[in-house]
Structures are given as structure tokens and as C-alpha cells.
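Below is one structure, written out as C-alpha cells, with a few remarks after it.
Residue numbers (my numbering): 179 to 983.
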């Protein structure tokens with residue numbers, strides 16, 4: 179054992195904790211009662227906490243929204259020959275814990291970042307050995323399953339994987355996402371070393387499995403991704419000192435967020451993230467400041483290099499990447515750097531502006547998401563072992579996270595977290611059952627771990643419910659800062675509010691005209707007509723609609739429809755309080771990339787069976803038409819495929835910035851109707867206008883509340899009057915969008931993209947197609963970065979445009 183560790187092994191904590199032991203030991207003295215009481219006992223043997231599961235009551239069905247990803251114990255890998263290696267360290271070794279705890283709770287000497295007397299604590303070990311998870315190799319099949327769309331020519335094919343299919347996962351991902359995302363779903367951290375994560379995707383993205391994580395250079399080895407990539411990546415690597423520095427900065431930020439939010443790594447197919455949970459300790463501002471400075475220096479150096487080269491040099495740089503119209507290495511690097519900087523600054527905004535020093539409840543519950551395990555390309559025994567590791571760590575992680583809860587939480591976050599805790603508890607059981615067939619000892623052990631983890635989720639939900647709701651309004655200045663750091667928008671928020679209200683008025687006028695055309699009394703009644711067209715076999719109907727929509731876009735030729743990975747259509751197991759339509763991208767770092775998956779809420783309706791009211795309201799045939807555009811062609815499915823061809827890791831594996839992703843999908847709904855999708859089908863137009871009206875109403879509520887132009891009662895009344903919602907639904911919508919701005923980004927992104935299109939000066943199909951293709955290839959970047967990426971392809975300047983930061 180290294181000599182440096184011997185002193186730590188001999189030193190004891192004043193409360194009786196030896197940091198290197200897997201079992202916490204208690205000295206023979208009494209601890210003061212209260213929420214700060216240390217947890218004792220072997221974490222792996224802890225009994226389930228809390229009562230039985232709370233029933234998940236039916237709630238508002240938010241159809242049409244895609245999940246992102248919505249949004250933590252400190253795992254260690256122990257090697258008996260080398261000691262405990264910190265793989266996911268949240269803050270620098272020796273950094274003092276700066277964050278506040280629950281109001282009125284005094285700090286405990288030696289807790290988290292300090293030893294008695296204020297001395298900094300070194301890296302801490304965590305209980306238990308962490309089993310290695312092998313990476314899949316040739317011939318190892320990945321997960322199979324899902325109710326797939328009927329075979330068809332072209333892209334929507336059966337996509338048979340190893341010739342089998344299994345049941346799909348009941349997947350309730352947080353709205354990170356892409357799950358509900360406000361600017362800070364990422365956690366800062368880590369002194370565990372620089373992880374060698376390349377910023378470009380390659381043909382085989384894995385350099386090694388996590389078995390190396392417990393040995394020397396743990397963080398570097400565990401989060402390494404094989405170097406390589408497309409021409410842009412190659413050009414950047416050989417383009418000189420400026421490009422090398424920019425590449426290193428992007429890789430540092432990418433590794434940082436993978437290390438701090440393993441759930442993103444699991445969904446991206448990164449093997450090192452399997453079975454890992456982050457530390458629920460405070461977010462270190464110093465590390466974020468360091469990364470921000472690193473990316474800023476790289477941006478300035480890259481700009482100086484381009485200026486020194488002159489126009490000819492810039493043109494040559496743009497041509498190095500390969501075929502015309504795909505941009506150059508410099509454009510790809512600028513987009514990666516810009517995205518990295520927004521990610522870091524958005525996380526910093528959580529700490530400095532919102533006071534969120536610890537993980538939010540939605541971030542905590544996001545790490546309880548197990549949906550990536552059934553879709554992983556790893557062999558079944560490795561996936562099961564990683565799942566068991568994850569389940570074993572969850573109860574302790576959630577217990578520690580509960581102790582960091584403040585006394586008051588934003589009302590929308592609190593409501594959402596209580597519902598999500600129930601949904602995650604249900605998902606834990608569902609996923610474990612699917613990965614633990616039979617009655618072997620290992621299968622029974624995993625089911626026991628799952629029962630304990632599910633009980634811990636419900637207990638965490640009760641801890642969230644025990645807090646008091648609070649309003650968290652930005653105010654004009656903080657709202658402007660939020661829009662700038664998250665999406666790069668510098669346009670005055672009051673102007674955006676005026677434009678959002680104009681969107682509401684336009685949609686209302688369209689629905690009024692359709693009501694007169696169809697003989698309905700008002701907007702509410704014309705929307706109710708949608709429920710008269712409902713299929714009892716949703717899966718078959720939806721697959722046929724997707725093929726028809728795909729053929730429509732092939733005819734109008736406004737977007738490239740190049741597809742590599744197939745699309746699966748699936749149904750959630752049951753209709754619960756968090757039922758949503760969800761698009762889950764194919765893991766870009768998985769060498770055996772699974773198909774993309776589109777999950778509809780609730781079990782598949784059987785022919786001849788009664789149709790539920792929620793199904794009739796949100797999954798009627800005209801709404802399915804709009805969903806097919808938004809989720810598949812040319813919405814999230816086509817966008818994900820275009821982003822994967824671009825090859826950027828940071829703009830592919832972190833699908834949390836919703837202005838471009840959701841804005842694009844919402845924009846295509848309007849574009850489809852403008853180019854004839856609803857011709858001679860007025861109810862499809864009604865469905866599209868309903869979608870536009872509700873999204874614009876959410877944007878109005880978000881801006882009016884945070885600008886303090888409306889009280890909560892006024893905002894609820896305006897939303898109910900605009901959309902015909904009940905008072906209860908309007909209140910839930912306003913609470914949700916005020917706390918989680920993702921719902922506002924649909925309309926904001928659509929308005930922004932439409933303004934860019936109108937500024938082209940040409941409506942010719944080839945010009946629109948070129949514009950659309952550049953936006954999609956940019957991936958999941960902030961709006962301002964997407965704008966700059968598009969202008970880089972035409973060698974135009976964006977300095978006069980209000981969105982470029």
C-alpha cells in the first residue's frame with residue numbers, strides 16, 4: 179500500500195469514522211439527535227426505509243413533450259493492491275465545503291470537506307468493491323426489444339438485433355432532458371484528474387472498459403473514449419497549437435460533466451458510468467471558474483489564429499473538413515467550445531444566482547434512472563452486475579441527498595420531484611425484473627436490492643414533500659442573465675413577452691376560424707372534436723402515420739432525410755402521473771448502437787377495447803400526426819441522426835439544451851402545415867394550432883412571472899383563458915414552467931428559428947434545405963451557437979445579431 183495512505187489509515191474521525199473502511203463504525207458516545215445524525219451500519223445491509231409505495235395517481239398527461247433528459251453517493255473503486263481510487267470526485271481534494279445546509283443546522287466538524295480545526299479532508303473512500311463492467315466486444319449482443327414499427331422501405335425498418343425482440347422498458351425519464359431541464363442539471367466538481375474523453379465521435383467509441391478505473395489514473399482510464407472521428411476531428415487534431423488547445427478544453431469539459439453526472443454517460447453508452455453515482459456534496463465554484471477560463475482562453479486563441487491567417491486562411495480552414503456545405507474544422511471547434519462554455523456558465527448560474535449549492539431533487543432522482551441498462555450493448559452478466567452495483571448504492575446516496583434538502587423548495591420542482599420519486603420507484607422494479615429472469619440466487623439478490631432501492635426512492639419523495647413550497651422568481655435582471663448563459667439570447671425579455679403573446683393571439687385566431695368552418699361553438703369545442711378520431715390500435719396507426727409523414731417530407735425536400743439507425747415504437751407499461759411521450763436517442767458511444775426509441779404513454783390499446791379519456795384527449799389520430807412530425811420526421815429522430823453524423827461528443831451526448839432541440843421539433847409542426855400536411859384535413863390543423871397555443875401560453879407564463887409582470891393568480895387565469903384549461907391544470911402548468919423553463923423553450927426556440935429563416939431573403943426549397951441541414955448537424959447546442967455554426971458555413975458575420983454571446 180502506498181506510504182501516502184498509511185497516515186490516513188491510522189487517523190480516526192472524531193465521530194469514530196475511519197475514512198477507508200466500507201463499514202461505518204460508531205464510538206461509544208451519544209450523538210446529538212437531528213437531521214445531521216451520521217448514518218451507521220453497512221450500507222449494503224441496510225434495511226428498507228419508509229412505508230409501502232405511495233399509489234401513483236393519474237395526473238396530467240403531457241403528451242407531445244419529449245423527455246431529456248430529466249436531470250448521489252460518491253462511488254469509489256477499491257483495488258486491494260492500490261487502495262481506494264476516487265473516480266467521481268466532486269471537488270478538489272482539500273477544498274472546504276462552502277455550501278449551506280438546511281436552515282438552522284449547524285455545521286458538523288469534519289463533515290464532507292473539513293477535518294476538525296478546519297483542516298481539509300483528502301479523498302474519501304466509499305463502501306464496498308465496485309464490480310468491473312466489461313465493454314461489449316464482437317459477437318456480444320446488446321439488449322433487444324420494443325414494439326417496433328412495421329417493416330417498410332427506407333428508414334423505418336424492423337431493425338432486427340441478433341434476430342430477437344424482448345419487452346421494452348417502462349421508462350419515465352426526467353424532463354433533463356432533454357426530462358425538464360433548467361440551466362443547472364450538471365454538477366461541477368472533480369479533482370480526480372483529466373479524463374481523456376475526445377470531443378469527436380469515432381467508428382468504435384470505446385477504448386476500454388471500466389475495469390481499469392480502480393487502478394492508477396482512475397479518472398483518466400475510466401472516462402476515456404477512443405480517439406478518432408470524422409474529417410473535422412482530424413483537421414482539428416493536426417491544425418496547430420490553437421486547435422490542440424481548443425480540443426483539450428472541450429475534452430476537459432466533456433470529461434467533467436460525464437464524471438459528475440454519470441446518468442448522461444450511461445445514456446450515451448459510456449461503460450465507465452455503469453453502476454456509478456456522484457457525490458451529493460456541494461458544487462465547487464472554483465472548478466467551474468477554472469473550466470470557464472480554460473474554454474475562454476481557447477476561444478480567444480482560436481479567434482486570434484483565424485485573424486492571423488486572414489481571409490484566405492479562414493477559407494482554407496473551412497475547406498479542410500471535407501465536402502462542401504459541411505463546414506470546417508474551425509467551425510466544428512468553435513461550436514464545441516461555445517457549447518462547453520454555456521454548459522459551464524449555466525452550472526455556475528445555479529450556484530451564484532440561484533443559490534443551488536447542492537444537487538436539486540430532480541437532479542438527484544435523475545441519477546436513479548435505470549433505463550440505460552436494458553439498452554446497453556454490454557453482455558447480459560455485465561449489465562446485471564452493473565445494475566446490482568447501482569441498486570446497492572442508491573439507498574445511501576438518496577439518504578445523503580435528503581440531508582442536503584433546504585427547508586423550502588420551488589413549488590414546481592417540489593411537485594415534480596414528489597411525482598418523479600414514485601415513478602422512479604416503479605421503474606426500478608420493472609427494469610430489475612427484466613434483467614433478472616429466473617429464480618437464481620443472483621436474480622433474487624437483485625430483486626431484494628431493487629425493493630430496498632425503490633423504498634429509498636419513495637422515502638426521498640416523502641422528504642421532498644416535507645419541505646415547504648416557495649416561489650423562486652428571477653426578476654428582470656436575473657432572467658436576462660439566465661437567457662444569456664443558457665441559450666445566448668440577448669434580446670430584451672419584455673420584447674420576447676410581447677412576441678409570445680402575439681403567438682398566442684395568432685393561434686387563437688386560427689382556431690376560431692376552424693371552429694366556424696367545422697360548426698363548433700368556440701375554440702374549446704373545436705379542440706374537443708379531436709377526440710372523435712381515435713384508433714383502438716395505437717401502435718399500428720402510429721406506425722402508418724410515421725411512414726406517411728416520412729413520405730411527405732421526402733416529397734417537399736426541405737430537410738435531408740438520411741437515416742442510419744432505425745426507430746422503435748413502444749408503449750409504457752402503465753399510465754401514471756408522469757406519463758409522457760418520450761424520444762430516447764441511440765447511445766452514440768455504444769459500438770453496437772441500439773435503435774432510437776419512441777415511447778408512447780400507457781399500455782398499447784387493444785382492438786375493440788375501451789379507450790381511456792386521457793388517450794382520447796392526447797393520443798387521438800390528429801394529435802398522433804403532430805407527434806409523428808415532432809418526434810420522428812423531421813423532428814427529434816432526424817435531428818439525432820444529423821447530430822451523430824456531425825461527430826461531436828459534447829453536442830450529441832448532453833441533450834439538455836432545449837431551445838434548439840425542442841424549438842426545432844416544434845418549428846417543424848408549423849412548417850409541415852405550411853407545406854400541405856394538413857391539406858383537406860382540418861383536424862390536423864386543429865391539433866397543430868392546439869400545440870402552438872399551449873406552448874406559447876407556457877412561454878408567456880414563464881416570462882410574465884419571472885419579469886414580475888403577473889402574479890401567480892393572474893398567470894393562471896391568463897393561461898386558462900388562452901388554452902381552455904381547467905383552473906387546476908393551468909395552475910400546474912404555471913408552477914411547472916416557472917420552476918422548470920424547458921416548457922417555455924418550445925415556443926422560444928420555434929420563434930427564434932423562424933426569425934432566422936425569415937431573414938434568409940429567399941424561400942426557395944434548396945436554400946431552406948441548406949439552412950435546416952446546418953441547424954440539425956449542429957446537434958444540441960445553445961441557440962446562439964447554432965446561429966454562429968450556420969453562419970460559419972457561409973462565411974458571414976454574426977456580430978450584429980442579438981443572440982450571439
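Note that the Cβ used here is the ideal one computed from N, Cα and C, for glycine as well.
Reduced DSSP category for residue i - H, G, I as helix; E, B as strand; rest coil
i           : result
residue 762 : strand
residue 791 : helix
residue 622 : helix
residue 960 : coil
residue 448 : coil
residue 588 : strand
residue 826 : strand
residue 215 : Note that residue 215 scores a pLDDT of 33, beneath 50, so its modelled location is shaky; the value from the coordinates is reported in the next line. Residue 215: coil per DSSP, three-state reduction.
residue 972 : coil
residue 756 : With a pLDDT of 47 at residue 756, under the threshold of 50, the predicted position of this residue should be treated as unreliable, though the coordinate-derived value follows. Residue 756 falls in the coil class under three-state DSSP.
residue 648 : strand
residue 571 : helix
residue 515 : helix
residue 857 : coil
residue 831 : coil
residue 899 : helix
residue 638 : helix
residue 606 : helix
residue 581 : helix
residue 630 : helix
residue 545 : coil
residue 468 : helix
residue 767 : coil
residue 811 : coil
residue 864 : helix
Beta-carbon proximity of residue i to residue j, cut-off 8 Å
i           : j           : result
residue 685 : residue 422 : no
residue 773 : residue 759 : no
residue 640 : residue 585 : no
residue 124 : residue 967 : Any property of residue 124 remains undetermined from this structure, which presents the chain solely from 179 to 983.
residue 535 : residue 592 : no
residue 802 : residue 747 : no
residue 953 : residue 853 : no
residue 440 : residue 578 : no
residue 830 : residue 843 : no
residue 864 : residue 704 : yes
residue 566 : residue 627 : yes
residue 839 : residue 958 : yes
residue 740 : residue 611 : no
residue 960 : residue 666 : yes
residue 876 : residue 925 : yes
residue 845 : residue 931 : yes
residue 483 : residue 420 : yes
Whole-angstrom C-beta distance between residue j and residue i, which should lie under 8 Å
i           : j           : result
residue 668 : residue 878 : Contact flag wrong, Cβ pair sits at about 20 Å.
residue 847 : residue 826 : With a Cβ gap of about 26 Å, residue 847 and residue 826 do not count as contacting.
residue 643 : residue 576 : Not confirmed; about 14 Å, so no contact.
residue 428 : residue 828 : 6 Å
residue 537 : residue 458 : 6 Å
residue 871 : residue 901 : 6 Å
residue 851 : residue 798 : About 17 Å; that fails the 8 Å criterion.
residue 867 : residue 689 : 5 Å
Beta bridge counterpart(s) of residue i as assigned by DSSP
i           : result
residue 662 : Looking at the DSSP assignment, residue 662 forms no beta bridge with any residue, so it has no partner.
residue 748 : 777
Candidates the options: closest to residue i by CA position
i           : options            : result
residue 638 : 611, 602, 806      : 602
residue 654 : 625, 883, 571, 800 : 883
residue 444 : 747, 516, 561      : 561
residue 470 : 441, 484, 507, 424 : 424
residue 595 : 917, 942, 961      : 917
residue 563 : 809, 463, 452      : 452
residue 631 : 659, 573, 611, 693 : 573
residue 951 : 816, 850, 890      : 816
residue 766 : 702, 812, 810, 832 : 832
residue 478 : 744, 512, 805, 715 : 512
residue 789 : 811, 849, 709      : 709
residue 556 : 813, 673, 896, 770 : 770
Heavy atom of the ligand MG within 7 Å of residue i beta-carbon
i           : result
residue 537 : Only the bare structure without any ligand can be found here, which leaves the ligand MG out of the picture.
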